[in-house]
Every structure is written in structure tokens, then in C-alpha cells.
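Asker:
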Amino acid sequence: MSISGIKAKLEVAEWFFELKKTFNQQLNPKYAIAMHFRSILLLPFLILAFSCSKKGPIPETADSPARTAAEEMETFQIEPGFKVMLVAAEPLIEDPVLIQFDENGRLWVVEMRGYMTDLEGSEEDQPIGRISILEDENGDGEMDKRTIYLDNLVMPRAIGFIKGGALVAENNSLWVTQDTDGDLKADTKILLDSTYASNGVPEHSDNGFVRNVDNWYYSAKSRLRYRTDGENWIRDSTEFRGQWGISQDDQGRLIYNYNWSQLHGDLVPPNYLSRNPNHEPSTGIDHGLTIDRKIFPIRSNPAINRGYIPGTLTEDGKLLEFTSACSPTVNRSHLFPSEYFGNIFVMENAGNIVKRNVVNQNGILLEAHDPNSGREFMASTDERFRPVHGTMGPDGALYIADMYRGVVQHSSYMTPYLKEQTLERGLELPVHLGRIWRIVPEDWKPEPFPKLANESNSELISRLSNPDGWHRDMAQRILVERNDPTTIPELMNLAKSGDSELGRFHALWTLEGMNGLDADLLFETLEDQNPLLKNTSLRLLETFAKGNPETKLKLESKMIELAKTKDVTTALQLALSSAAIGEVTAGQVLEIVLNSFGDQALIQDAVMSSLTDREYGFLARLWTAPDWENTAQSKEIFLETLTSSIMKRGDSQEIKSLLAMVQGKDSEMNWKQQTVLIGMAIQAGNAQNQKPVTLASEPAIFKQANLPIDQNKLEMLKRRFSWPGFVPSEIIITASSLDEKAQIQFAEGRKKYLVSCAGCHGSNGKGVPRMAPPLVASDWVLGDEKRLALIILHGIEGPIEVAGKKYDAPEILPVMPSHSTMDDESIAAILTYVRNEWGNQAPAITRGLVGGTRHTSQGRVYPWSPAELNKHIESLPPPKTD
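Here you go:
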């Protein structure tokens, strides 16, 4: 309990006894005695009542003064059952942007002291940043010792622990630093990668290392990953992820976010879905766990970049939605009550809050929701409370880096409105403050942190089964770095027969990092009924299968067997691992997987990722497969996806064979022929750099009547071929309003539409009964570009009129949900496609228009009604003309 809370209770008790004394003086002795006994009986109840009504945070003030850490403590509102404790504050630390605990429980702090020391950011090129190591020497839970690991740094932004030191991101580069004499001060600093964070802009450069369970280091806002083989560093490309901060869950799935979208993550291990250069996945990586953007600050937030835009703030000035989401932190600890395990905390420094999300697994998808809509896990009435990074400590507590300042927006993106707000209320100063807070249950007491660096190998192997993720991750890293071959038998025993599922999981990856795995062990763990162990074994067996024919044959047999088990999580891994086995067996496995779970977009993308340069062979297999005789929308989508991939690959013989399949023997096309022809026609406009396929004569299909494509697409398809007397470059496409760049956008939009939209609107745009209205000849599609973008970004609900017909539930769903987690480029491609398909014709939608609309509709957290949206569009100023 805080000192102020105790004081309040004492004041209540004192008031009560003074009141009793007054009554005793004024009443006759008979009533005074009765009052005395009544007061004794009532006092415990009064004290209990005041105990239950905990004092709330102090009110906000208009001038938002800089407070001491003790004063800031009084501004916090936290979920019941928790308390906030101070861990460190200035002058011990300044401008903390990232915090991590090392193997001995010491807290490393990245101090970006050059960030926005004035409104011009004039000191960003100055070597005034540092990395400090904090220790709690007296065990009271508050840091009391600082050692500066590295000083004189230019805008340091990330650290990743390695043997004897840390990877350090600083001065737009990545460095390997080490403390060689054990004094916690770096003695060496060697350049590893001069391209890391080369963008330089703090909001949009690589940051936030996480050492994943697969022994690679991943960053946010980056396409790079790193690992060491013990002697040399390996640099590799990976999928782009997030903006500021990155973490992992217990299965090693990477979690990240963007300032406008609070929670994203990977549903599959890294670098799987990006293997096939002929296919761009639409799912699996950068999956939005929730479309909920609402936040609930407990103070006004006028000093945000777009606060001048109507609808950004509530009537009392509170921010409505995320605008600076960062550092999603997965709770992999059991210190908090059980319902908090696996929750993800998201920092929102512009709204002075920390959001809590409950995460559930639904099949192969992850979904998140706010368990307490209307109240945040943590909030402050202090405008300078700036939570920018979170981490879970060795004790299981949530630690929060609070940059504590008035200005967090970088000068590169600061609007005149925000600059004016900042200067008017003196928010630009002071700088070089900062706090670190610990969130723990109310009855928590500090205990000494373990020192893993001093533990034996056997102790570390036991720690791989610790219930808390921090201990497992740290033990795995140390064991891999020690690389002691005598530990391999003990690790193998743990992997085969340990009591903890996660302990066995980490044992496998520890062995992988030490090059201590063998195929026999993996085939043994492959028999386990636990999906995580089974799928991990499949994943790790891929390397052995690629290098050993006998292992490949054994794995092929096992994968055929597993494909028949009808478990969707195993099916997903089978689809991903099929690239490691022979084409014929892979085709069998993938066909079984598709027949069972092909209606799921992620399964389709996983299958495609394993079909690099095998797409035509697999299409030919499905062409005659009994289960593919009858049509289904998911089958049409996948067959068109295969066709698009074949066309993108550009192999002349395969394209000729596709054309022969489509032409067939009958004049009337079946559903497979129609689907392939449509796919060929649409992707023909996406092949500007490919040479025409040479034919002996004009195909009969180009003369056939009643084709399922319009004349414009037919002409586009013809341009993909040449034959005697026909020069494809002489064909002029006049029916389309799209230039070559927009044609590529159109083709990409078709693929994304099939995954994200066709389930409700149909692959033909005519709408699906009980799902959604048609897009064909719809004024909502062909009309105002911003209006269409706003529908995608925020959703629309209620009855809607399309082409003169009114649609309402139950004929359609009552609400079309927001697609706000989708990036601007994907939305623009989809909208360009739907505006120029099925006879629709309208100008292309640019990425800039979607992004600008997203920014200017900041604060919209509910779907539009048609009337409200039209009224909003009418209120917008007309577009500028030259």
C-alpha cells in the first residue's frame, strides 16, 4: 500500500473518533456510552470500506509539469491485484528506450540520450548515448548500482546478448561488443553490419533484438537476421516485421506491431512462406491478431501528431485509438494469476497506457481481444509517462521502460499542430529523465535473482524445463554458447522423455544450436502425440532428409502416414516440410492436406511455399484427381493461385501445356479450364519482362466464342504469345484505364482479393448469399476513392443499397469488419482490382491515397453506417487541382 493510502485511512479514523468525541460531549452519559460501543462496532467496517476503495490516481493538470518518480507513482491506475514499483530513475538512467535482463539478473538499459533534446533533434548525431548495466546490491527491489557498458554512442537502439557481451545497434550499424575481463565494460567493438538501421530515422529503422528459439536473432523493422556458428557470424534475409520492439511466445512465434496496429505475429516459423519466388503469400506472416484499435486513456492527450483531425480525440480530449503502439511483450511467466499467462502487453506512449490482450489459439490461427474494454491494464494521468519498451524479468514481473518526457514524436514527422502544442505548454523540456517500473502482484516481495552464468551444465539443462520462458531462453543460449559435447546425451534424454513439453522443445533446439541432433532422435520424437514436439521434429528432419537418401525415404513414408491423421496443426507443418522430400511423395502429401484443409488460406500458402518450380506438376496431378472433379470456391482459388505461379515462373513449355489444358476437346469449358484461363489472362498483364511464348499457329481457343474472360483480358493474354503472322507488341489495349504499373497492381490485387475477400463477395464479385452484397456495378466500388478506402479501413454496418437493391441481414452479414491490419499497398492493390474487374472500370487506387486516408481518419474505431459515411465524404474539402 502507498504511503498516501495509509495516510488517507489514518485521516478517516481520526475524523471518526473526533466525531464520536463531539457526540460524547453533547449527549447525556447514557447515550454517550451507547455511542461509544456503537463506534467500536462500526470502526472495523468503516476502515474495511475505505480499504476496499483504493485511492485513485491524482488528476491531470493542464500544464503537465515534470514530476519526480515518487510524484509520478501517484498518477498510475493499475488493474486490481497489482502494484507498481520503481526500479530505477534519473540520474541513474536517462532516456531509456530498451531494457533486457542478462543471465545474472542484471538489467541492461539502452539510453538514447540524443533523441529529440530539442524540437529539431539537433543532437542526434552527437555521441551522447550509452548502454548501462544496473544492479540491485541490497536486494530491496530497486537498482542502486550502475556500470556503463558502452559510452559515447550515437543513437543506440538495440542490444542482443551474446557470449561475453552483446550485439549493439548504434550509429546506423550493428556491432559485436565484448567484455573480456569481467568488469561489465566493453573492451572490444567490432563492426558486424554497416547496413543495419542504415535508414537512420529512429521510428523506421531496425531495432529490438530477440533471440528466437531457433537460435537466430531477429529484429523489428528489418529484413535481416543473424546467428553464430561459434566462430563466425552468419547474416541472412528474412521477412519484414513490425516497427518498434519484438518478442516471442512459448512456441517461438515472433510477435510485433506497428504504431497504428497494436498486435501482429507469425503463424509459421520464419522463412518458410517466402521460399517460393513464384508466389507471394497473403497469410501466415504479419498476421493481425486483432482489429481492435480502441484505447482508454485516463487523461486528455492533446499533444499528439494528428490531434487537430476531427474524430482523433474524444470530446474531453482523450485519444481514441492507437497511434504509437510499440513493444508487444508476451507474458511467459507464472507470477501473475493464471488468466494472465500468455497475455500480450502493448505499450502506447502517446496515450500514456499499457494495453493487455488475451491471446487464444483457434486451430492454426492466433486471435487476441481486450478483456477489460473501457479500462487499461495500466494508465497514467501524467502526460509525460511514455512506456516505450517492456520485458519480463527473471522474477516473472513485467518491467516497463518509461522515457518520461513531453516529446516522443520525431522531428521528421512532427506536425505544426504538435509543435505548437509542445511549445505552448512547455513540453519540450526537461529532457534526460527516465524511469523503469516493475508491475507485480500486490503481495509480491523481491527475492535474489539466480545467476545462471555460474550454474553447471546439468543445472542449466534442468532449467530448460522451467515454467517461465525467460529461464528456458537464457539456459538454451548459455548451453549453445558453451557448446560442451558432454551435455549432448543428457539433452537427448530430456528431448526423448522429459516431463515438460517445453523442456523437450528447448532441448531439441539446444541440440540444433550445438549441431548435436541426429535423425534417429528426431524420428523418435516424431512419434510423440504432442503437436509441438511432432511438428518441431518434422521441421528439424528437413535438413537430414536433404542430405541423406535413406532418411528422405523414411521421412516420406512417415509424412504420408501423418497426413492421414487429420490434425490441422500437423497438416500445416507437413505442407511446409514437403519441400524437403521427393516431388511425387510431396504431391501425395500435399493433395491429402488440401483435401482436408484446403479451405484455409494459410494451408494454401503453406502448400505453395513447398512447390517452388513444381507448380505445374502439382496442377497436373489435381487436374485428374477424383476429389477435384467437383468445384468449390477454395479449389477455384487454389487452382488459380497455381496458374498465377506458373505464369510468373515463365517456363514456355509449361505455359504451352496450360494453354492445351484450357483448350481441351470440347467447346464448353469445365470449371477447371475456366479457372486456369482466367488466371492466365489476369497474370498475363504481370509479365512485362518475359519474352512471348512461341507457338506454331494461333490457338483455336482465341477464336472461341463465349469465353469466361472479356475482350480486354483476351487481348492481354494474346500478348503473352507469338505465332507466324502475329506480333504481340502491335496489340494496343484500349479497353482498360490502367497503365502497365497499374496492371501489375491489378494482378497482385486479384491474388489478395481471392484470399481476403472472395469468401464473402465471391470470386466472381457477385456476392455470396448470407455473406455480402455484390461488387459488380456497385457505386460503393466505382465511386469516391476515399469512401471506398474508408470502408476497408474501418468496416461498414447496417443495410446498404447496391445497384438499386437494398441488402440487409439476414441476406448479408450485419457488419463488414475492418481490414485495418492490412498494409496500405495490399489494400490499394485489392481496391484497384475490384474497380477494374467484372466489367467495372475506374482509376487505380494508390498506396499513398490509402495511407493518407488512414492518417486522416485517425480515431475512427467503429464501422461506418452508409449514411454516416456519405455525410463524412460530403464534409471533406474538394481535392486540390493544379
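Taking our numbering, I'd label the letters of the sequence shown as residues -6 to 875. Think of the CB as a built atom: it goes at the ideal place given N, C-alpha and C, for glycine as much as any other residue.
So what does DSSP say about Glu861, is it helix, strand or coil?
Answerer: Along the sequence shown, one-based indexing puts residue 861 at 868. The answer is helix: DSSP assigns Glu861 an H, G or I state.
Asker: Alpha carbon to alpha carbon, what distance is there between Arg292 and Ala62?
Answerer: Sequence index remark: in the sequence shown, residue 62 carries index 69 (1-based). Sequence index remark: in the sequence shown, residue 292 carries index 299 (1-based). Cα to Cα, Ala62 sits roughly 18 Å from Arg292.
Asker: Can you look up Glu708 in the DSSP assignment and give me helix, strand or coil?
Answerer: For this step, residue 708 is matched to residue 715 along the sequence shown. DSSP places Glu708 in helix when its eight states are reduced to three.
Asker: So, using beta-carbon positions, are Asp279 and Asp363 closer together than 8 Å?
Answerer: Within the sequence shown, the letter at position 286 stands for residue 279. Within the sequence shown, the letter at position 370 stands for residue 363. No, they are not a contact pair.
Asker: Pairs of beta-carbons, one from the segment 351 to 361 and one from the segment 425 to 436, closer than 8 Å: are there three or more?
Answerer: No, because fewer than three Cβ pairs between the segment 351 to 361 and the segment 425 to 436 fall closer than 8 Å, the two stretches do not touch.
Asker: Within the segment 133 to 209, note down every full beta strand (DSSP E) run reaching 3 residues or more, in order along the chain.
Answerer: For the segment 133 to 209, whole beta strand (DSSP E) runs of length 3 or above, ordered along the chain, are 138 to 146, 151 to 155, 158 to 163, 166 to 171, 181 to 186, 200 to 204.
Asker: How would you write the range of the alpha helix (DSSP H) that Asn486 sits in, first residue to last?
Answerer: Sequence index remark: in the sequence shown, residue 486 carries index 493 (1-based). Residues 481 to 490.
Asker: Could you tell me which residues DSSP pairs with Pro89 in its beta bridges?
Answerer: Locating residue 89 in the sequence shown gives position 96, counting from the first residue. Answer is Glu104.
Asker: Considering only residues of the segment 523 to 592, which uninterrupted alpha helix (DSSP H) runs meet the minimum length of 4 residues and lie entirely inside it, listed in chain order?
Answerer: 524 to 540, 542 to 556, 561 to 570, 576 to 590
Asker: What are the start and end residues of the beta strand (DSSP E) that includes Arg220?
Answerer: For the purposes of this step, residue 220 is taken as residue 227 along the sequence shown, with counting starting at 1. Its beta strand (DSSP E) spans residues 215 to 221.
Asker: Between Val194 and the rest of its own chain, which residues show a CB-CB distance below 8 Å, the 5 nearest in sequence each way excluded?
Answerer: For the purposes of this step, residue 194 is taken as residue 201 along the sequence shown, with counting starting at 1. The residues are His403, Ser405.
Asker: If you draw a straight line from the C-alpha of Arg349 to the C-alpha of Phe338, how long is it?
Answerer: Translated into the one-based positions of the sequence shown, residue 349 becomes position 356. Translated into the one-based positions of the sequence shown, residue 338 becomes position 345. So the two alpha carbons sit approximately 5 Å from each other.
Asker: For Pro37 and Lys156, what's the separation of their Cα atoms in angstroms?
Answerer: Translated into positions along the sequence shown, residue 37 becomes position 44. Translated into positions along the sequence shown, residue 156 becomes position 163. In this predicted model, Pro37 has a pLDDT of only 39, less than 50, meaning its place in the structure is not dependable; the value taken from the coordinates is given anyway. So the alpha carbons of these two residues sit roughly 58 Å apart.
Asker: Short of 7 Å in beta carbon distance, which residues of its chain neighbour Glu830, apart from the five on each side in sequence? Order them along the chain.
Answerer: Sequence index remark: in the sequence shown, residue 830 carries index 837 (1-based). Closer than 7 Å at the Cβ level, and outside the excluded window around Glu830, lie Gly758.
Asker: Look at the Cβ atom of Gln244, then the Cβ atom of Asn205, and state whether they are nearer than 8 Å.
Answerer: Numbered from 1 along the sequence shown, position 251 holds the residue referred to as residue 244. Numbered from 1 along the sequence shown, position 212 holds the residue referred to as residue 205. With contacts defined as CB atoms closer than 8 Å, Gln244 and Asn205 fail to qualify as a contacting pair.
Asker: CB Thr636 to CB Met673, shorter than 8 Å?
Answerer: As a position in the sequence shown, residue 636 is number 643, starting the count at 1. As a position in the sequence shown, residue 673 is number 680, starting the count at 1. Cβ distance < 8 Å, so Thr636 and Met673 count as in contact.
Asker: What are the residues that DSSP puts in a beta bridge with Glu314?
Answerer: On the sequence shown, residue 314 is found 321 positions in, with the first residue counted as 1. Residue pairing of Glu314 in beta bridges, as defined by DSSP: Lys287.
Asker: Report buried or exposed for Ile227, applying the criterion of at least 16 other Cβ atoms within 10 angstroms of its Cβ.
Answerer: Residue mapping note: residue 227 aligns to position 234 of the sequence shown, counting from 1. With fewer than 16 Cβ atoms within 10 Å of its Cβ, Ile227 is classed as exposed.
Asker: Between which residues of its own chain and Ser198 is the CB-CB distance below 8 Å, once the five residues before and five after are set aside?
Answerer: Within the sequence shown, numbered from 1, the residue matching residue 198 stands at position 205. Answer for Ser198: Arg150, Asn165, Ala190, Ser191, Asn192, Lys214, listed in chain order.
Asker: For the beta strand (DSSP E) holding His362, just list the boundary residues, first then last.
Answerer: Here residue 362 corresponds to residue number 369 of the sequence shown, with the count starting at 1. Residues 358 to 362.
Asker: Counting along the chain, where does the beta strand (DSSP E) carrying Glu341 start and finish?
Answerer: What you label residue 341 is simply residue 348 of the sequence shown in a count that begins at 1. It spans 337 to 341 - the beta strand (DSSP E) in which Glu341 sits, taken as one unbroken run.
Asker: Below 8 Å between beta carbons: does that hold for Ile820 and Arg828?
Answerer: Residue 820 sits at position 827 when you count from the first residue of the sequence shown. Residue 828 sits at position 835 when you count from the first residue of the sequence shown. Going by C-beta atoms, Ile820 is not nearer than 8 Å to Arg828.
Asker: Helix, strand or coil for Arg465, going by three-state DSSP, please let me know.
Answerer: The residue labelled residue 465 in the question sits at position 472 within the sequence shown. Correct three-state label for Arg465: helix.
Asker: Could you tell me which uninterrupted beta strand (DSSP E) segments, each at least 3 residues in length, are contained entirely in the segment 224 to 264, listed from first to last along the chain?
Answerer: At a cut-off of 3 residues, the continuous stretches assigned as beta strand (DSSP E) that sit fully inside the segment 224 to 264 are 226 to 234, 247 to 251, 254 to 258.
Asker: If you count every other CB in all the chains shown that lies within 10 Å of the CB of Tyr211, and 16 or more means buried, which is it?
Answerer: What you label residue 211 is simply residue 218 of the sequence shown in a count that begins at 1. Classification of Tyr211: buried, given that the 10 Å Cβ count is 16 or more.
Asker: Reducing DSSP to helix, strand and coil, say where Lys76 ends up.
Answerer: Sequence index remark: in the sequence shown, residue 76 carries index 83 (1-based). Note: Lys76 maps to strand in three-state DSSP.
Asker: Taking the alpha-carbon of Glu770 as reference, which of Leu783, Ile784, Glu794, Ala751 has the nearest alpha-carbon?
Answerer: Walking along the sequence shown from the start, residue 770 turns up at place 777. The sequence as given places Ala at residue 770; Glu does not occur at that position. Considering only alpha carbons, the answer is Glu794.
Asker: Thr322: buried (16+ other C-beta within 10 angstroms of its C-beta) or exposed?
Answerer: Taking the first residue of the sequence shown as 1, we reach residue 322 at position 329. Classification of Thr322: buried, given that the 10 Å Cβ count is 16 or more.
Asker: Out of curiosity, what's the CA-to-CA distance linking Val401 and Val347?
Answerer: Locating residue 401 in the sequence shown gives position 408, counting from the first residue. Locating residue 347 in the sequence shown gives position 354, counting from the first residue. Rounded to the nearest angstrom, the two C-alpha atoms are 16 Å apart.
Asker: As an exercise, report each continuous beta strand (DSSP E) stretch of at least 3 residues that is fully enclosed by the segment 407 to 450, in chain order.
Answerer: 428 to 434
Asker: Quick one: is Pro274 buried, meaning 16 or more other Cβ sit within 10 Å of its Cβ, or exposed?
Answerer: Numbered from its first residue, the sequence shown carries residue 274 at position 281. That one is buried.
Asker: Quick one: using the 10 Å Cβ neighbour count with 16 as the cut-off for buried, is Gln469 buried or exposed?
Answerer: Walking along the sequence shown from the start, residue 469 turns up at place 476. Within 10 angstroms of the beta-carbon of Gln469 lie 16 or more other beta-carbons, which makes it buried.
Asker: Taking the DSSP output, what are the residues bridged to Met371?
Answerer: For the purposes of this step, residue 371 is taken as the residue at position 378 of the sequence shown. DSSP lists Ile71, Val347 as partners of Met371.
Asker: Which value, in whole angstroms, describes the spacing of the CA atoms of Pro766 and Ile630?
Answerer: In the sequence shown, the residue the question calls residue 766 occupies position 773. In the sequence shown, the residue the question calls residue 630 occupies position 637. Spanning the two alpha carbons is a distance of roughly 20 Å.
Asker: In whole angstroms, what is the alpha-carbon distance linking Ile126 and Ala159?
Answerer: Taking the sequence shown and counting its residues from 1, one reaches residue 126 at position 133. Taking the sequence shown and counting its residues from 1, one reaches residue 159 at position 166. Going from the Cα of Ile126 to the Cα of Ala159 covers about 12 Å.
Asker: Can you confirm whether the segment 580 to 588 touches the segment 606 to 614 when touching is taken to mean that 3 or more C-beta pairs between the two stretches lie within less than 8 Å?
Answerer: yes
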